[in-house]
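Student: The numbering used here applies: residue 1 is where the sequence shown begins, and numbers increase by one.
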Amino acid sequence: MIVASFLFACMGVCVKFAAEFFSTAEIIFYRSVISLLLMFFLVRLRGIPIATPHWRFQLGRSASGFVSLLLYFYALAMLPLATAVTLAYTSPLFLTLYLAWFNKVRLRPGMLGALILGFVGVVLLLHPTFRADQMLGGLIGLGGGMIAGLAYYNVKELGQRGEVEERTVFYFSLFSTVASAIWMSFFEFHRINLHGGLLLLGVAGFGTLAQLTMTRAYKRGRTLMAASLAYSTVIFASIFGMLLWQEALSFGAWLAIALIVASGIVATIFSRANPAEQD
């Protein structure tokens, strides 16, 4: 899980550098199309039918997953790396709210405390630690976490209906490839040189390797321990931010990050959500 967290942070670094040369839609397109090819061969290799009886949930999962990924990549380009990653990890808090709302799950006192703690951290992180020019990026990052929680809720529903995980990832990659290609058509298309190509390859490569190692962690390790260690991505992102961009966060920002991470771990424990199903 620690290796996976390191790889996710590396992907974030590549996204942040690639954003200087490519639009967010282009970055997502190249990441998605590589993932689509890999998942297509995996599905065919394992003899899994591509047709699904749960297309409504697949559509909801794919759409929400694409939008959350789009917002997350925008936030990475606009914010300090550690801040963008932390806002993305508010998704367990929103997932818990969706479970309580849609499935009528009663929130226990410990869960309510975790939610309150987490959203206090969000408020601290958004204000007053953000400069005025970062507020938009902060709201975009928070929106990404909110919609990611909805994507994970749909994944949870698909799992309960017996949907094959490989097929879910395939449809998400397919939707993201098509949607990002359409979105990309509204922007100037940037030619890929060696430097830009390596960055895009890094986004897709690190993201794919992170998915594989994270899945192995959840299959062979304890779910709650792996879920807690997933937040080490914030630590790696903080180190990369300081080394590569000399990003210096205030004490208030670090306190807010600590509150969000702590509440996210508690929320994961109470909701029994499995982040192995994330993108």
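Cβ coordinates follow ideal geometry from the N, Cα and C atoms, glycine included. The model shown is predicted, which means the values in this text are computed figures rather than measured ones.
1. Out of I28, N154, S62, G118, which one is the CA nearest neighbour of M184?
2. Within 10 angstroms of its Cβ, does M135 collect 16 or more other Cβ (buried), or is it exposed?
3. Enumerate, from N- to C-terminal direction, the unbroken alpha helix (DSSP H) stretches of 4 or more residues contained entirely within the segment 48-134.
4. What is the DSSP secondary structure of L249, reduced to helix, strand or coil?
5. From L158 to I50, what does the alpha carbon distance come to, in whole angstroms?
6. Given a threshold of 16 other Cβ atoms within 10 Å of its Cβ, counted over all protein chains shown, does H190 qualify as buried or as exposed?
7. Leaving out the 5 sequence neighbours to the left and right, which residues in its chain are closer than 7 Å to F8 when beta-carbon positions are compared?
8. Between L201 and the rest of its own chain, which residues show a CB-CB distance below 7 Å, the 5 nearest in sequence each way excluded?
9. Excluding five sequence neighbours on each side, which residues of the same chain lie with their C-beta closer than 7 Å to the C-beta of V3?
10. Could you give the DSSP three-state label for R46: helix, strand or coil?
11. With C-beta atoms as the reference, is T153 less than 8 Å away from S62?
12. What number of angstroms, rounded off, separates the C-alpha of A308 from the C-alpha of W254?
13. Using a Cβ-Cβ cut-off of 7 Å (strictly less than) and excluding sequence neighbours within five positions of A256, which residues of its own chain qualify?
14. For the ligand COA, any of its heavy atoms closer than 7 Å to the Cβ of L38?
15. To the nearest angstrom, how far is the alpha carbon of R285 from that of I48?
16. What does the Cβ neighbour count give for L194, buried or exposed, with the cut at 16 atoms within 10 Å?
17. Let me know the secondary structure DSSP gives Y231 once reduced to three states.
18. What are the start and end residues of the alpha helix (DSSP H) that includes R167?
Tutor: Looking at the atomic coordinates:
1. Out of I28, N154, S62, G118, the CA that lies nearest to the CA of M184 is found in I28.
2. By the neighbour-count definition (other C-beta atoms within 10 Å, threshold 16), M135 is an exposed residue.
3. Complete alpha helix (DSSP H) runs here, min 4: 55-78, 81-88, 91-102, 109-126.
4. The answer is coil: DSSP assigns L249 none of H, G, I, E or B.
5. Taking the straight line joining both Cα atoms gives about 15 Å.
6. Taking a 10 Å sphere around the C-beta of H190, we find fewer than 16 other C-beta atoms and assign the residue as exposed.
7. A210, T233, listed in sequence order.
8. If we look at L201 and ignore the five residues flanking it on each side, it has no Cβ neighbours.
9. If you ignore the 5 residues before and after V3, its C-beta comes within less than 7 Å of the C-beta of T213, all in its own chain and listed in chain order.
10. If DSSP states are grouped into helix, strand and coil, R46 belongs with coil.
11. The question names Thr, but residue 153 in the sequence shown is Tyr. The Cβ-Cβ distance between Y153 and S62 does not fall below 8 Å.
12. The structure shown has nothing for residue 308, since the chain only spans 1 to 279.
13. Only G121, L124, L125, T129 meet the Cβ criterion.
14. The ligand COA is absent from the structure shown, which contains no ligands of any kind.
15. Not covered by the structure: residue 285. The range shown for the chain is 1 to 279.
16. When all chains shown are included, L194 counts as exposed.
17. Of the three classes helix, strand and coil, the one that applies to Y231 here is coil, per DSSP.
18. R167 -> alpha helix (DSSP H) spans 165-184.
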